[in-house]
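Q: Below is one structure. I have some questions about it.
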Amino acid sequence: MKIGYYVRRLTKMSFKSMFLSIDKVHKRSNKNKIVIFFDMVGCSLKYSAGYSDYEYFKFEELSNKQRKTYITRGINNVYIKKLNDPKYCHIFDNKVIFNKKFTKFLNRDFIDLEEKSCEEFIKFAKKHKTFIVKPLDADCGIGVEKIDIDNEKSLEETYNRLKENKQFLAEEYVKQIKEINDIYPNSVNTIRIVSARVNGKTTILFELIRIGNSGHVVDNFHHGGMYAIIKKGIISTNAVDKLGNEYEYHPVTKTKIKGFKIPMYDKVIKFVNDASEVVPEVGFVGWDISVTKDGPVMIEGNNLPAYDFYQSEIAIDDSKIGLKPKFDEAIFGVKNEKN
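In terms of my numbering, the sequence shown has 241 at position 239, counting the first letter as 1, and numbering is strictly consecutive.
Structure follows, in structure tokens:
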């Protein structure tokens with residue numbers, strides 16, 4: 003790790019949050035807090051791991067050989083810097099710009115309330131009856147709202163409220179395929195696929211499905227949702243939520259999760275490969291895809307894909323080997339020893 007980067011991290015670091023992480027590690031491991039502190043510092047220097055990485059990946063249980071196989075915050079930043087040209091990242095940072103660039107992958111109508119008049123919004127709303135609104139630059143499902151015009155007193159008031167809340171993007175509601183809808187019908191349950199495009203070749207690095215819960219209209223993990231790992235088009239694990247609760251069956255619908263076969267998965271993979279060619283200057287992307295009866299549709303692309311899901315307890319087998327060797331081979335063409 004470069005000293006300059008480490009110094010910048012220290013100046014921005016929340017020591018309060020770090021010591022909260024130390025307390026959590028201490029309670030579950032019974033290790034001395036001072037030992038944990040210095041081990042965290044050592045892992046930051048050796049593996050570019052933040053204290054949240056240490057806590058989340060349970061580094062106190064891992065050997066050094068295992069630790070070096072994990073994608074940490076610093077390693078993820080290296081991948082982003084290597085493959086994502088900052089000159090093109092605004093396409094992914096702004097949802098309207100993204101929609102316009104990837105229009106042929108959306109397969110749904112949308113309007114930008116910053117550009118469109120109230121009359122145009124009302125026409126859109128009456129055409130679609132139910133639609134989703136979003137801020138242009140929010141993530142983690144923040145500010146996403148499902149609008150049903152039958153529940154709105156006045157569409158003019160709705161238009162003004164959305165503009166005031168900066169929920170400028172309105173999209174036709176995606177009707178997911180029945181099989182996925184049956185898992186949980188209140189949210190669009192998206193497939194997250196992380197890909198790396200290097201020298202004109204796209205490699206699929208990781209796949210999971212996110213599923214809503216508890217009446218929420220978003221499937222986001224940080225807003226009440228859960229996720230499960232996909233392998234070869236089949237959900238290969240139970241689902242897990244932010245609190246670490248595992249679900250063999252969805253708590254609302256009682257639908258079995260593990261073993262579920264994703265419909266049209268071959269088309270989903272081709273879809274991602276095709277999408278990765280649109281802005282090749284941004285090569286490291288997390289794609290959020292929904293499957294409808296007519297095929298896959300793009301929900302959004304993320305040029306800062308989260309790395310925690312890849313190596314959670316539910317994603318890693320008993321060897322406790324992380325995904326850094328796999329990612330390094332795809333991104334740098336380097337084969338690393340796994341242990």
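Here a beta-carbon is modelled for each residue, glycine too, at the ideal position from N, C-alpha and C.
#1: For a quick check, are the C-beta atoms of A198 and G335 less than 8 Å apart?
#2: Considering M266, what are the terminal residues of the beta strand (DSSP E) in which it resides?
#3: Which runs of the alpha helix (DSSP H), 4 residues or longer, sit entirely within the region 21–63?
#4: How many Å lie between T205 and A332 at the Cα?
#5: By Cβ distance below 7 Å, which residues in the same chain neighbour Y346 in space, the five residues on each side in sequence not counted?
#6: Just to confirm the assignment, what range does the alpha helix (DSSP H) spanning R69 have?
#7: On a Cα-Cα basis, can you pick out the residue from V43, C91 and I24 that is closest to V280?
#8: Just to confirm before moving on: does the CB-CB distance between P307 and V196 stay below 8 Å?
#9: Cα separation between N341 and D296?
#10: Is there at least one non-hydrogen atom of the ligand FAD closer than 7 Å to the beta-carbon of P298?
#11: Using the DSSP secondary-structure output, state which residues sit across from S119 in a beta bridge.
#12: Does Y90 come out as helix, strand or coil in the three-state DSSP assignment?
#13: When we look at the beta-carbon of P88 and count the other beta-carbons within 10 Å, is it buried (16 or more) or exposed?
#14: When you compare each of S46, E63 and L47 to K32 by their alpha carbons, which one comes out closest?
#15: According to DSSP, I134 sits in a beta bridge with which residue or residues?
#16: Closer than 7 Å by C-beta to Y312: which residues in its own chain qualify, once you throw out the five before and the five after it? Chain order, please.
#17: Let me confirm a value: T105 is counted as buried when at least 16 other C-beta atoms fall within 10 Å, else exposed. Which label applies?
#18: So L138 and V200 are in contact, right, with Cβ under 8 Å, and what is the actual spacing, rounded?
#19: Under 8 Å between the Cβ atoms of G261 and I236?
#20: Does the Cβ of P253 have 16 or more other Cβ atoms within 10 Å, making it buried, or fewer, making it exposed?
#21: Could you work out which residue in A172, N191, E173 and L171 is closest to K180 when comparing CA atoms only?
#22: What is the DSSP secondary structure of R110, reduced to helix, strand or coil?
#23: Quick one: give me the first and last residue of the beta strand (DSSP E) that T294 is part of.
#24: Enumerate in chain order the residues of its own chain whose CB-to-CB distance from D111 is below 6 Å, with the five nearest sequence positions on each side excluded.
A: This is what the structure gives:
#1: no
#2: First-last for M266: undefined, no H or E at that position.
#3: 35–49 and 53–58
#4: 7 Å
#5: Any question about residue 346 goes unanswered here, given that the chain covers just 3 to 341.
#6: N66 to R69
#7: C91
#8: yes
#9: Residue placement at N341 is flagged as unreliable, the pLDDT there being 44, under the threshold of 50; the coordinate-derived value follows with that caveat. So the alpha carbons of these two residues sit roughly 44 Å apart.
#10: As far as ligands go, the structure on display features none, and thus does not contain the ligand FAD.
#11: Looking at the DSSP assignment, S119 forms no beta bridge with any residue, so it has no partner.
#12: coil
#13: exposed
#14: Strictly speaking, residue 32 in this sequence is Asn, with Lys absent from that position. Closest option to N32, Cα to Cα, is E63.
#15: K148 and E173
#16: I73, F208 and L325
#17: exposed
#18: L138 to V200, Cβ: 29 Å. No contact.
#19: yes
#20: exposed
#21: N191
#22: coil
#23: F286 to T294
#24: E174
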